[in-house]
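Student: Take a look at this one; I'll ask things after.
Numbering (the numbering used here), first residue to last: 78 to 425.
So, in structure tokens, the structure goes:
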């Protein structure tokens, strides 16, 4: 090696760089993922793309070849995970996704291989603040009043328009449950088209001085665009009625001391969820390095929200998301290196 470098006229600095690269290559051969591939899945909502890319990057740093993610709706993902067609995703929301799990799900797959955000994923219904004050809106029940329905009726069908969730999302099932439980089907029209496009229409209406009414979750770019307490307020459901997916989480369905609550406390209708990484049980057993890293990794809500905001402003291509991942790692390099080192040690 040294002879070759001398013949090529390398400087001492260049020689050191090459020796370092050679050392890295030797280390790569000893990584636990060498010669193994992983098939991730990715959610259909754009706010989850960053997490998939970040967790996939961790596996690449462990030496694995990570395939392009399969973009799957929740029920299809959980079935695919149960069958072993995909290995993991970092887009599980519990308890709201419980209703979409296959029967005997945990016989073959781990429900939670690691928690990304603990009980921090707030969900609920928001209304433009000035209109909540104008019409004294504090609850979904207020949308049964004719003057409220008329004010929020953008398509003139006699119902208030609510930006809801596309079919296949956990929130779509929960919102439909609320419409039935609170007898609101004749009063509220659910907009179930693509969420990003529907919210872009809501932004345009708001900027034009019109009322807005939408479901959202955190972390999400929507609560950066619409500031709770300034632009919008979180409103109550009439009473806390739990679907099968949220039974036992009644206390977590009431928010206290959160910015923008129309009342404090506020009955949200949704439990504050854990965002988690789910993985196939056999896959984890065969890859202890991955199991270790998944058990350790986490991302703050503020970091996810900041990245989502960048996507909303136009940095939404895959190359942008990969750049965001690189920048997040650089910002958290010491922690990242510790996670990867722990994974390598577990894989030996």
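C-beta: ideal position from N, C-alpha, C; glycine also. Since the structure is predicted, the reported quantities are computational estimates derived from the model, not experimental observations.
Between the Cα of residue 387 and the Cα atoms of 370, 375 and 405, which residue gives the shortest distance?
Tutor: 405
Student: Should the segment 159-179 be regarded as contacting the segment 242-256, the criterion being three or more beta carbon pairs within less than 8 Å?
Tutor: yes
Student: Put residue 316 into one of helix, strand or coil per three-state DSSP.
Tutor: Of the three classes helix, strand and coil, the one that applies to residue 316 here is coil, per DSSP.
Student: Among residues of its own chain, excluding the 5 on either side of residue 133, which ones have a beta-carbon nearer than 8 Å to its beta-carbon?
Tutor: 115, 117, 143 and 146
Student: What residue range is occupied by the uninterrupted beta strand (DSSP E) comprising residue 171?
Tutor: 165-171
Student: Residue 212: which of 227, 284, 148 and 399 sits nearest, CA to CA?
Tutor: 227
Student: Can you tell me which of the three DSSP states residue 116 falls into?
Tutor: coil
Student: Does the count of Cβ pairs from the segment 147-160 and the segment 119-132 closer than 8 Å reach three?
Tutor: yes
Student: Ordered along the chain, which non-local residues of its own chain (more than five positions away) have a Cβ less than 7 Å from that of residue 241?
Tutor: 249, 252, 267, 268, 269 and 292
Student: Assuming residue 338 is part of the beta strand (DSSP E), what are its boundary residues?
Tutor: Where residue 338 is concerned, there is no enclosing beta strand (DSSP E), given that its DSSP letter is neither H nor E.
Student: Find out if the Cβ-Cβ distance for the pair residue 112, residue 139 is shorter than 8 Å.
Tutor: no
Student: Need the endpoints of the beta strand (DSSP E) that residue 294 sits in, please.
Tutor: 290-294
Student: By Cβ distance, which residues of its chain are closer than 7 Å to residue 170, with the 5 residues on each side in sequence left out?
Tutor: 198, 247, 350 and 352
Student: Give me the Cβ distance between residue 402 and residue 130, rounded to the nearest whole Å; I'm assuming they're in contact under 8 Å.
Tutor: 5 Å
Student: Please go through the same chain and pick out, in chain order, the residues whose beta-carbon is closer than 8 Å to the beta-carbon of residue 256, but skip the five residues on each side of it.
Tutor: 262, 265 and 267
Student: Mapping the DSSP letters down to three states, classify residue 365 as helix, strand or coil.
Tutor: helix
Student: Nearest CA to the CA of residue 369: which residue from 395, 340, 413 and 394?
Tutor: Minimum Cα distance to residue 369 is reached at 413.
Student: Between which two residues does the beta strand (DSSP E) harbouring residue 266 extend?
Tutor: That run of the beta strand (DSSP E) goes 265-268.
Student: Tell me which same chain residues have a C-beta within less than 6 Å of the C-beta of residue 102, skipping the five on either side of it?
Tutor: With a pLDDT of only 44 at residue 102, under the threshold of 50, the placement of this residue in the model should not be trusted, and no figure is reported.
Student: Bridge partners of residue 237, per DSSP?
Tutor: Paired residue(s): 265.
Student: Residue 306 and residue 337 look like a contact to me (Cβ under 8 Å); what is the Cβ gap, rounded to whole Å?
Tutor: 4 Å
Student: Hey, how far is the Cα of residue 220 from the Cα of residue 214?
Tutor: 8 Å
Student: So what's residue 203 in DSSP terms, helix, strand or just coil?
Tutor: strand
Student: Assuming residue 416 and residue 237 are in contact, meaning their beta carbons sit under 8 Å apart, how far apart are those beta carbons, in whole angstroms?
Tutor: Contact flag wrong, Cβ pair sits at about 46 Å.
Student: Closest by CA to residue 318, which one among 311, 312 and 327?
Tutor: Residue 318 has its Cα closest to that of 327, out of 311, 312 and 327.
Student: Which word fits residue 275, buried or exposed, when buried means at least 16 other C-beta atoms lie within 10 angstroms of its C-beta?
Tutor: buried
Student: Which parts of the segment 367-410 are runs of the alpha helix (DSSP H), unbroken and 4 residues or longer, counting only runs that do not cross its ends?
Tutor: 378-389 and 395-408
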